[in-house]
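Data block below; observations after.
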Amino acid sequence: MAAITREEVAHLARLSRLAVTDAELDRFAGQLDVILQAVARVGEVAAADIPPTSHSVPLTNVLREDVVVPGLSREDALSGAPDSAEDRFRVPRILDEEA
Amino acid sequence: MSDLIKLSAAELGRKLAASEVSAVEVAQAHLDRIAEVDERVHAFLHVDNEGALAAAGEIDAARARGDELGPLAGVPVAVKDVITTRGVPTTAGSKILEGWRPPYDATIMTRMRAAGLVLLGKTNMDEFAMGSSTEYSAYGPTHNPWDLGRIPGGSGGGSAAALAAYEAPLSIGTDTGGSIRQPGAVTGTVGSKPTYGGTSRYGLVAFSSSLDTPGPCGRTVEDAALLHAIIGGHDPMDSTTIPSPVPDVVAAARLGAGGDLSGVRLGVVREFGGDGAEPGVLAAFREGLDALVKLGAEVVEVSCPHFDYALPAYYLIAPSECSSNLARFDGVRYGLRVGDDGQHSLEEVMSLTREAGFGPEVKRRVIIGTYALSSGYYDAYYGQAQKVRTLIARDFEAAFSTVDVLVSPTTPFVAFPFGSRTSDPYQMYLADLYTIPSNLYGGPAISVPCGTSEGLPVGLQIMAPTMADDRMYRVAAALESVLPPPVPPAL
Numbered sequence: 006m007a008a009i010t011r012e013e014v015a016h017l018a019r020l021s022r023l024a025v026t027d028a029e030l031d032r033f034a035g036q037l038d039v040i041l042q043a044v045a046r047v048g049e050v051a052a053a054d055i056p057p058t059s060h061s062v063p064l065t066n067v068l069r070e071d072v073v074v075p076g077l078s079r080e081d082a083l084s085g086a087p088d089s090a091e092d093r094f095r096v097p098r099i100l101d102e103e104a
Numbered sequence: 004m005s006d007l008i009k010l011s012a013a014e015l016g017r018k019l020a021a022s023e024v025s026a027v028e029v030a031q032a033h034l035d036r037i038a039e040v041d042e043r044v045h046a047f048l049h050v051d052n053e054g055a056l057a058a059a060g061e062i063d064a065a066r067a068r069g070d071e072l073g074p075l076a077g078v079p080v081a082v083k084d085v086i087t088t089r090g091v092p093t094t095a096g097s098k099i100l101e102g103w104r105p106p107y108d109a110t111i112m113t114r115m116r117a118a119g120l121v122l123l124g125k126t127n128m129d130e131f132a133m134g135s136s137t138e139y140s141a142y143g144p145t146h147n148p149w150d151l152g153r154i155p156g157g158s159g160g161g162s163a164a165a166l167a168a169y170e171a172p173l174s175i176g177t178d179t180g181g182s183i184r185q186p187g188a189v190t191g192t193v194g195s196k197p198t199y200g201g202t203s204r205y206g207l208v209a210f211s212s213s214l215d216t217p218g219p220c221g222r223t224v225e226d227a228a229l230l231h232a233i234i235g236g237h238d239p240m241d242s243t244t245i246p247s248p249v250p251d252v253v254a255a256a257r258l259g260a261g262g263d264l265s266g267v268r269l270g271v272v273r274e275f276g277g278d279g280a281e282p283g284v285l286a287a288f289r290e291g292l293d294a295l296v297k298l299g300a301e302v303v304e305v306s307c308p309h310f311d312y313a314l315p316a317y318y319l320i321a322p323s324e325c326s327s328n329l330a331r332f333d334g335v336r337y338g339l340r341v342g343d344d345g346q347h348s349l350e351e352v353m354s355l356t357r358e359a360g361f362g363p364e365v366k367r368r369v370i371i372g373t374y375a376l377s378s379g380y381y382d383a384y385y386g387q388a389q390k391v392r393t394l395i396a397r398d399f400e401a402a403f404s405t406v407d408v409l410v411s412p413t414t415p416f417v418a419f420p421f422g423s424r425t426s427d428p429y430q431m432y433l434a435d436l437y438t439i440p441s442n443l444y445g446g447p448a449i450s451v452p453c454g455t456s457e458g459l460p461v462g463l464q465i466m467a468p469t470m471a472d473d474r475m476y477r478v479a480a481a482l483e484s485v486l487p488p489p490v491p492p493a494l
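Taken in sequence, the protein lines are chains G and X. Quick note: the first sequence uses my numbering, first residue 6, plus one each step. Quick note: the second sequence uses my numbering, first residue 4, plus one each step.
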């Protein structure tokens, strides 16, 4: 049985903000199924009472001295932007025009 | 061809200190070599001729003034294109960042500049460091100097090939699942993954933040150690760096070069018994092991029962983190933007930008990660992989209670021909079989040349406990002292 269907891959691509093509979906569905079947082997390990590890360095609440240091200038921060206006990142309209 | 390009970084540093050669001459010799061979090797995505000569000129001027300079001042370095370099293009091997010039330097770049290292340029890599062959670079693959029809390893294939082709004496890689060590192994060079948290990730374009580790690459163990000492150590800009001093890796490499390993206990992992490894690789590994025993080391078999599950756990954890990290590539703050024509919504512009800017392997991993993190699957996939990660770390800790380091082949197979593993992505993942456990655990590991199989280099991997990076350098240098690295054919 397939671990993942073509429809599920299409749904995940939408969630991932990837406008994949039909040809990609055809190809990815089979490939992702092989990968997921292989990685699903982690389920064979009896680990119900084992704590998860998110990170190998056991550091928590690391703070820096609260000292002001120079940061990026506005010009530097905008230097790589695809589009900017009035010293800000310009993005496509997300709200309807005001009535 | 200038003889300068064949020298180690340590030797170059000595000649520079003695003013037998200038930093400008050294930089020019390497730039000439790049101009001569890189059309065939394609180790570089960007060569900074002007910047390199200017930086070298400054070092020469500083030396003429009598300034105090470090041991590698004036030595050139090639840097993987996933490390930000102020004003110098940084693409991470992806079309989505084509033409981006970062407004800041990564911490390790700042430290290298302060030590007087001269940046030659940026090296090729699998897109966002996802791959084992550089075939997933959006700019075409790097060719292995040993056989131009074969892969140089990945993701840091450019950084390794630049060393083997004598285009640079030192380079920087990043290792998430083996991206420094596997390229080192298949190009006959040294690749070192420091302890996670031993080198700063500030300015490293993130793939999998709990695993990504920048590290040094060189043609000798001492060179890798010298570079490690420069880039390593706590960084206030990376809260995951370890706030204690890096072990003295340079002293350890020099101690090991003496060739005495009496009292050192090496563990061979039973679960790495050889399933899927090429016989020639296993034979070369056995010879390396014999050489280490002759130097006085003791070999013990140890069991790490959960290593069998390291590869599946990694290929859940890394894609999960990548699906989250790569959300930042949305066509707003840097890089590509597609479809912004007044007809598409912001969300459509993001989807079209990511579709056009990401290659197939990145898309596969983003989708897998989104799946593994989604409600209903989280516990069975991502959550379970994190528990397996705990068990793998416990396996390491148990092994290190009886041995000083673990040894294995670095990778199951020598450099493979282009195209032989791209149709089935899982076949590519198998290249990381022996390198992944150290990433999940966080401890350091190094690949050092260990003979050849079928005329191609084999690497021996040495894995050490967290913050015991010095141990692996000692053993690696000892092996190097009796098994000099194989010399690649002339290009």
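Even glycine gets a Cβ: it sits at the ideal position worked out from N, Cα and C. Bear in mind the structure is a predicted one, so any value in this text is a computation, not a measurement.
Any idea what DSSP makes of residue i, helix, strand or coil?
i	result
E170 (chain X)	coil
I154 (chain X)	coil
G270 (chain X)	strand
G119 (chain X)	coil
A217 (chain X)	Correcting the residue type first, residue 217 (chain X) is Pro in the shown sequence and not Ala. P217 (chain X): strand per DSSP, three-state reduction.
G35 (chain G)	helix
I86 (chain X)	strand
I62 (chain X)	helix
R93 (chain G)	strand
A280 (chain X)	coil
S136 (chain X)	coil
Q346 (chain X)	coil
Between the beta-carbon of residue i and the beta-carbon of residue j, is there less than 7 Å?
i	j	result
P186 (chain X)	A167 (chain X)	no
F403 (chain X)	P468 (chain X)	yes
Q430 (chain X)	S450 (chain X)	no
S158 (chain X)	S195 (chain X)	no
P489 (chain X)	G206 (chain X)	no
V27 (chain X)	D84 (chain X)	no
V249 (chain X)	G236 (chain X)	yes
G372 (chain X)	S306 (chain X)	no
A321 (chain X)	S426 (chain X)	no
P106 (chain X)	H49 (chain X)	no
L122 (chain X)	A12 (chain X)	no
L153 (chain X)	P415 (chain X)	Sequence check: residue 153 (chain X) is Arg here, not Leu. No, these two residues do not count as a Cβ contact at 7 Å.
Output yes if chain G places a C-beta closer than 7 Å to the C-beta of residue i; else output no.
i	result
K390 (chain X)	yes
Q387 (chain X)	yes
D51 (chain X)	no
M475 (chain X)	no
P506 (chain X)	Because chain X is modelled from 4 through 494, residue 506 (chain X) falls outside the range shown and cannot be assessed.
Y205 (chain X)	no
S354 (chain X)	yes
R561 (chain X)	The shown model of chain X, from 4 to 494, leaves out residue 561 (chain X), and the question about it has no answer.
Y437 (chain X)	no
Y318 (chain X)	yes
E72 (chain X)	Before going further, note that residue 72 (chain X) is Leu rather than Glu in the sequence given. For L72 (chain X), the answer is no, since every Cβ of chain G falls outside 7 Å of its Cβ.
May I have the straight-line CA-CA distance separating residue i from residue j, to the nearest angstrom?
i	j	result
N66 (chain G)	T198 (chain X)	21 Å
A43 (chain G)	V208 (chain X)	28 Å
A503 (chain X)	V24 (chain X)	No answer is possible for residue 503 (chain X): the residues shown for chain X start at 4 and end at 494.
A82 (chain G)	G446 (chain X)	35 Å
Y384 (chain X)	S242 (chain X)	27 Å
L20 (chain G)	D178 (chain X)	28 Å
A3 (chain X)	D473 (chain X)	Chain X is shown only over 4 to 494; residue 3 (chain X) falls outside these bounds and no answer can be derived.
S377 (chain X)	L482 (chain X)	47 Å
T94 (chain X)	M128 (chain X)	10 Å
L339 (chain X)	G360 (chain X)	7 Å
S22 (chain X)	G16 (chain X)	10 Å
G3 (chain X)	R477 (chain X)	Look at the range of chain X in this structure, 4 to 494, and you will see that residue 3 (chain X) is not part of it.
Distance cutoff 7 Å, beta carbons only. Does residue i sit that close to anything in chain A?
i	result
D108 (chain X)	Of the chains in the structure shown, none is chain A; the protein chains are G and X.
My assumption, with CB atoms under 8 Å, is that residue i sits in contact with residue j. Please give the rounded CB distance.
i	j	result
V406 (chain X)	M475 (chain X)	Wrong, their Cβ atoms sit about 13 Å apart, outside the cutoff.
Y312 (chain X)	N442 (chain X)	Not confirmed; about 14 Å, so no contact.
L120 (chain X)	L56 (chain X)	So it is not a contact: roughly 14 Å between Cβ atoms.
G143 (chain X)	H45 (chain X)	6 Å
E138 (chain X)	H33 (chain X)	Not a contact, Cβ separation roughly 26 Å.
F47 (chain X)	G160 (chain X)	Going by Cβ atoms, the distance from F47 (chain X) to G160 (chain X) rounds to 12 Å, so no, they are not a contact pair.
Does any C-beta atom of chain X lie closer than 7 Å to the C-beta of residue i?
i	result
H60 (chain G)	yes
R11 (chain G)	no
G48 (chain G)	yes
S100 (chain G)	Going by the sequence as given, residue 100 (chain G) is Leu instead of Ser. Chain X contact via Cβ: absent.
R79 (chain G)	no
A7 (chain G)	no
L17 (chain G)	yes
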